[in-house]
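Residues in the sequence shown are numbered consecutively from -12, following our numbering.
Ideal placement from N, C-alpha and C gives every residue a C-beta, glycine not left out.
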Amino acid sequence: QAQLVESGGGLVQAGGSLRLSCAASGRTFSSYRMGWFRQAPGKEREFVARTSSSGIIVYAESVRGRFTISRDNAKNVVYLQMNSLKPEDTATYYCAAKSPDSNEYNYWGQGTQVTVSS
């Protein structure tokens, strides 16, 4: 059974940094699009960043220039380096994977909480 497990969340002051990790297991995800999403209390889940199997990277406007997504296919891990964090970045962050034959993300992690204090 394929599984995604996020880690690396926590409490950080505004201006600080965190690195989230998403460890994939149960299959090889090198051909999958991998994405990060987040959901703040009372708000809908929103796209943060994604990386395709060919290396195409897309960021949400709100995080561009501050966040960096990367992947290590040999380790089946995806990272989200978050710098210059703001209180509005506070949310539960989710990792997701989309297979080449799917129109939507097939697999989701359980989420990791990021809290940025002002």
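Identify the residues that DSSP records as bridge partners of residue i: which are they?
i       : result
Thr99   : Tyr80
Lys85   : Arg20
Leu72   : BP columns for Leu72 are empty, so no partner.
Val(-8) : Ala10
Counting along the chain, where does the beta strand (DSSP E) carrying residue i start and finish?
i     : result
Arg58 : Phe54 to Asp59
Ile44 : Ile44 to Tyr46
For residue i and residue j, what's the separation of their Cα atoms in angstroms?
i     : j     : result
Thr31 : Thr79 : Note that residue 31 is Glu in the sequence shown, not Thr. Answer to the nearest angstrom: the Cα atoms are 11 Å apart.
Arg14 : Ser8  : 17 Å
Ala61 : Gln26 : 29 Å
Spatial neighbours of residue i within its chain, please: CB distance less than 6 Å, with the 5 preceding and 5 following residues excluded, ordered by chain position.
i        : result
Ala47    : Phe34 and Val35
Ala(-11) : Gly13, Arg14 and Tyr94
So, at 8 Å on beta carbons, what are the nonlocal neighbours of residue i in its own chain, with the 5 sequence-adjacent residues on each side left out?
i     : result
Arg6  : Gly(-5), Tyr66, Leu67, Gln68 and Met69
Val64 : Ser8, Cys9, Ala10, Ala11 and Arg58
Apart from the five residues just before and just after residue i, which ones in its own chain have a Cβ nearer than 7 Å to its Cβ?
i     : result
Lys73 : Ala1 and Val103
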